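Residue numbers (the UniProt record's numbering): 1 to 131.
Encoded as C-alpha cells, the structure appears first; notes follow it.
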C-alpha cells in the first residue's frame with residue numbers, strides 16, 4: 001500500500017449477510033428492469049430445479065411495457081414482494097438493462113435488513129446492490 005492509499009476498515013461497511021442457499025430453498029425470479037424472453041426464464045427455472053431449489057416466477061417477470069418488464073409500480077411490487085417473503089432465500093433478477101434506477105428509492109429496505117437475501121443480477125441491477 002503506498003502512502004496515499006488508506007484501507008477502509010471492514011466495520012465501516014454495512015454489508016448484510018444472507019443465509020447460504022440450500023436444497024429446497026425458494027428462489028424468486030423477478031424482472032425489475034427490461035423484459036426477458038420466456039424461454040430464458042424457463043431455462044433458468046429448469047437449472048434452479050436441477051440444483052434442488054424451488055423457483056417462483058413473479059407475476060410481471062415475463063411482462064413487457066415499453067423498454068421494461070412492466071410499469072414502475074408492477075416491477076417494484078414484484079421486487080418488494082420477493083424481498084419481504086420469508087420463504088424466499090434468493091432473488092434472481094432475470095436481466096439488466098435500464099429501469100431499476102426508476103424504482104430503487106422505493107425498494108423496501110426495511111424488509112432487506114430484516115431478512116437479507118442473495119440478490120443476483122447485472123448491469124443496472126447493481127444499483128440494488130449499492131442501495
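Cβ coordinates follow ideal geometry from the N, Cα and C atoms, glycine included.
The model shown is predicted, which means the values in this text are computed figures rather than measured ones.
Cβ neighbour criterion (16 or more within 10 Å) applied to residue i
{"i": "residue 15", "result": "exposed"}
{"i": "residue 2", "result": "Any reading at residue 2 is ruled out, since the residue's pLDDT is 46, under 50, leaving its predicted position unreliable."}
{"i": "residue 113", "result": "exposed"}
{"i": "residue 60", "result": "buried"}
{"i": "residue 66", "result": "exposed"}
Residue i (DSSP reduced to helix, strand or coil)
{"i": "residue 103", "result": "coil"}
{"i": "residue 114", "result": "helix"}
{"i": "residue 83", "result": "helix"}
{"i": "residue 75", "result": "helix"}
Segment limits, alpha helix (DSSP H) that includes residue i
{"i": "residue 128", "result": "126-129"}
Residue i - containing beta strand (DSSP E), residue span
{"i": "residue 92", "result": "88-93"}
{"i": "residue 27", "result": "26-30"}
_For the structure I just gave you, are there three or more beta carbon pairs, one from the stretch 33-53 and one from the stretch 76-86, closer than 8 angstroms?_
With the cut-off at 8 angstroms, the stretch 33-53 and the stretch 76-86 do not touch.
*Three or more C-beta pairs closer than 8 angstroms, one from the stretch 71-79 and one from the stretch 47-55: is that the case here?*
Flag = no, the stretch 71-79 and the stretch 47-55 do not touch.
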